[in-house]
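Take a look at the structure set out below.
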Amino acid sequence: MTKVIIDKPSGSYWDNEGKYQGQYDRAWKQLIPASGEAKDGLPEALRAISRIGYDYYNNGFCNLWHSWDDGDGEYDVKIDPYYEDLVDYLSYQIPLPMHKELIEFLHDAKGYGNWSDKADIIDRIIDYIMEGIIKDGLLEEELVN
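Add 1 to the 1-based position in the sequence shown for the numbering used here, that's all there is to it.
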């Protein structure tokens with residue numbers, strides 16, 4: 002009997018159905034500290050995009066985007082400096098076209114609770130980062146008893 006391996010299409014990591022879900026879960030256990038930044042490079046990039054995704058799916062970007070009434074009834078909206086640093090960090094870790102898509106998505110979902118049909122960029126960035134983590138051998142094998 003021939004075993005056929007089918008490459009699983011990427012689902013949503015938020016729903017625990019990502020293309021590399023098992024490795025992603027292991028990466029969080031092995032490479033991402035409970036608080037603070039991860040090791041520079043792909044581990045920190047994984048933490049950065051996951052934080053952005055968490056704020057989008059869990060909070061509707063209420064932390065990423067700040068808005069305030071400037072006194073004339075109009076609302077100004079600005080990205081929080083913490084998240085701006087995460088987005089900037091990713092610009093050095095992912096391909097430029099992918100980073101541009103991330104920026105487009107952020108602006109498409111600008112404000113609190115604005116949902117976007119461009120959110121799949123989060124999962125595609127995680128796929129890209131996980132492929133690098135796997136290729137670079139950054140994950141330790143999980144021991145099974």
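Heads up, the beta-carbon is just placed ideally off N, CA and C, and yes, glycines get one too.
Here the structure is a predicted model, which is why all the values come from computation and not from measurement.
Tyr-90 is not a Cβ neighbour of Ala-28, given a cutoff of 9 angstroms.
By a beta-carbon distance limit of 8 angstroms, Tyr-21 contacts Asp-128. Their separation comes to about 7 angstroms.
Rounded to the nearest angstrom, the Cβ distance from Lys-119 to Glu-141 is 34 angstroms, too far for a contact under 8 angstroms.
Just so you know, the alpha carbons of Lys-136 and Ile-33 end up roughly 18 angstroms apart.
Non-local beta-carbon contacts of Leu-43 in its own chain, meaning distances under 6 angstroms to residues more than five positions away in sequence, involve Ile-130, Gly-133, Ile-134 in chain order. At least 9 angstroms separates the beta-carbon of Asp-77 from that of Asp-86.
Counting along the chain, Trp-69 sits inside the beta strand (DSSP E) bounded by residues 66 to 70. In this structure, Leu-103 lies away from Ile-80, with their beta-carbon atoms at least 9 angstroms apart.
Here Leu-97 is exposed. Its C-beta has fewer than 16 other C-beta atoms within 10 Å.
In this structure, Tyr-14 lies away from Gly-61, with their beta-carbon atoms at least 9 angstroms apart. Counting along the chain, Tyr-129 sits inside the alpha helix (DSSP H) bounded by residues 121 to 136. Taking the Cα positions, Gly-138 is about 26 angstroms away from Tyr-55.
Assigned with DSSP and collapsed to three states, Asp-86 falls in helix. Nearest to Ala-49 by alpha-carbon distance, out of Asn-17, Ala-110, His-67, Ile-95, is Ile-95.
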